[in-house]
Every structure is written in C-alpha cells, then in structure tokens.
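The structure appears below as structure tokens.
Residue numbers (our numbering): 5 to 349.
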C-alpha cells in the first residue's frame, strides 16, 4: 500500500515523425531550394515593424509557389488578413490559439504540415509561440521547443520566422530568442545572432535553472510497482478536482504513470509522487533514487520507430504543458498542466 508521508485528499534523437521519412534566407529574398533549415527570430516593437517583415515574407512565398503557414497572435492575423484580402492559395493563416497545443504536440503538427509539402520544394513557416509569461517552467519548455526546432527540421527545406513582441515579452524571453535562433531578422535585413547556442548546450543550461516548486506539496506519496494503480487513481482525482475535462485528466494520468513506471523499473528506491497546485497550474513531481537522466534532449524528439522502448518521456512531453528534469541525489521529473482554476475543499 502507498505510504503517505503527507496526504490531504482533494474534494531520443530522430527527425520529426511526420508521416513521411525525410533525411527534414532572408525573409525578403528569393527561395533557395537546395538550402536546408533557415531559422530566424523577428523581434519587433510595433505593429508596423511586424508587418514590414511579415507581409513580404508571405507575399514572396505565395508568389514563388511556396506553401506558407502563418500562426501568430490574433491582432497580427487581422493585420495580415486586412493587407492580403482573402487568403491567397498556398497560404494557411491561423491564430496561435487555433494552431498551438503542448510544445511537443506542436512540433509534431508542424512536422506533418512541412513533410506533406516539402517534397515539392521549399516551404515557409511563421509561428509565434504562446509564451506562458509568469510560469517559469512553461516559459523554459517553449524556449526548449524553439531550440529543438534546429534539430527536428535541420534537413528540411523550410524557412522559419518566429516573431517576438518586445512590447510585451520580458527580457528573459527575448534572450531565449537570441539563444535559440541562428539569425535575427528585422526591417534592415538579417544578421547572425551573437547569442546563439547549440540545442544541447542551451537545454542543459535551462535544466540547471530548474528548482523544486515553491512551498510545501499538497500531497506526498511513496509508491512501488504494485502501487501504480493507486497512483493513477490519485492523479485522476486531483486532475478532475482541478477542473480539467475527463479527456485532459486522462492524459495527465497517462503521463504521470509513464514517469512513475520508469521510476520504479529503471530508477532506484524510494519512488515518490508529490503534488502542488496554483491558481492556474498543477504540478506533479516524480522522484527516485536512481542515477538520473543525463541527456538534455531526452524525450524532445520522437524515438526511431524501429526501437523498442524509450518512448515514455517523449509521450509525457506530448501530454504536458511542461516537463522538466532535475538530477542530483536521484532523479526528479516535474509535470506541469494548466488548469482553469483550483480551490481546496
């Protein structure tokens, strides 16, 4: 039986898997079909600065017959739609809310969209992540996403331009933009980013900033292999109490179960589940006494389909709003999920 130290009951590297196996310029210049990934950050301080880069990027893509995806904030969508009139053939224009999911699911969706079109030549993508300002773990998760794009799409003929609104983005996020994009684009053209870091180094640096959630956990449970059904029931009850729909709660149960199973099968005792809650986020933390997970890119990219196992952490990233790993005296994996509200009964 689970031993509760404190219990209060609540009232691997592979290119993007995109349906097709692929071995994956300056925004205002003509296409370079033989060139692989171009990944640029657009840091803008006004609507006009955004439009001065975004509109030519879209117009030149359409004129060149390059499939173009734009998923940005609603105001930017409206500005582009007003300038373009009806969306021309070859352009997919959507708001962030319609396009984005968890970071890993978003990469999978981008991978499918690109792979379905890239065999006919270069494609263009302008995407603006939904930064969860005020949630450090989720901010780091999206920053890792931006960095991992450099690996996931390295062999694809695709130009990414990622807008960052300097009027509302804090400096740490703008710093992430410079660290995760090899190039910076603005109205004057393209320059190399002096702050760019290789993905492994960038993700390792972010991992060093991960800390235990503030405050005491709402619940702390010791468990073994035989206790996993009880762990799943507890996570489901907590997620439901937090106001999540049944499907979303079931996803979190699956995610925590994957990590908890790894903790008892591959880690070392003791295995412990802890739970924190905030106004709009719940955090599950699974720790064990094993050697830890040393790969800074663990679970960021889908493992090869031919490999058995190794999919648990990747699946967990698909299902959670942030997944972070701390190594020290054992290994700790924290799983974050946004909730509409949470109140203690």
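Every residue, glycine too, gets a C-beta built ideally from N, C-alpha and C.
Item	Value
Sequence ranges, beta strand (DSSP E) only - wholly within the region 172 to 251, length at least 3	187 to 190, 193 to 196 and 223 to 227
Run of the alpha helix (DSSP H) containing residue 309, from where it starts to where it stops	No alpha helix (DSSP H) contains residue 309, which DSSP labels as neither H nor E.
Close-in-space but distant-in-sequence residues of the same chain around residue 170 (CB under 7 Å, 5 per side omitted)	47, 48, 49 and 178
Enclosing beta strand (DSSP E) for residue 170 [first to last residue]	Note, residue 170: premise wrong, no beta strand (DSSP E); not H, not E.
Distance, residue 253 Cα to residue 342 Cα	11 Å
Rounded separation between residue 100 and residue 273 - CA only	42 Å
Limits of the alpha helix (DSSP H) - the one that residue 270 falls within	Premise fails: residue 270 is in no alpha helix (DSSP H) and is neither H nor E.
Residue 1 versus residue 160 - alpha carbon distance	With the chain covering 5 to 349 only, the question about residue 1 has no answer from this structure.
Residue 151: first and last residue of the uninterrupted alpha helix (DSSP H) it sits in	140 to 156
Residue environment, residue 184, which counts as buried when at least 16 other CB atoms sit within 10 Å	buried
N-terminal and C-terminal residue of the alpha helix (DSSP H) that residue 55 is part of	51 to 67
Contact between the region 133 to 153 and the region 85 to 96 (3+ Cβ pairs under 8 Å)	no
Test item: CB-CB of residue 195 and residue 42 under 8 Å	no
Cβ neighbours of residue 275 in the same chain (closer than 6 Å, five flanking residues each side left out)	227, 267, 268 and 292
Cutoff 8 Å; reference residue 92; Cβ partners in own chain excluding five residues on either side	66
Spatial distance of residue 59 from residue 112 (CA atoms)	26 Å
Backbone secondary structure at residue 42 - three-state DSSP	strand
Exposure of residue 174, with buried meaning 16 or more beta-carbon neighbours within 10 Å	exposed
Alpha helix (DSSP H) segments (min. 4 residues) lying fully within the region 108 to 134	none
Reduced DSSP secondary structure (H/G/I, E/B, other) of residue 78	helix
Through-space distance from residue 317 to residue 241, alpha-carbon basis	22 Å
Same chain only: Cβ atoms within 7 Å of residue 232, ignoring 5 sequence neighbours per side	261, 264 and 265
Cα-Cα separation between residue 204 and residue 197, rounded to whole angstroms	17 Å
Residue 54 vs residue 128 beta-carbon contact at 8 Å	no
Residue nearest to residue 71 in terms of C-alpha spacing, selected from 97, 222 and 301	97
Spatially closest choice to residue 192 from 122, 214 and 57, by CA coordinates	57
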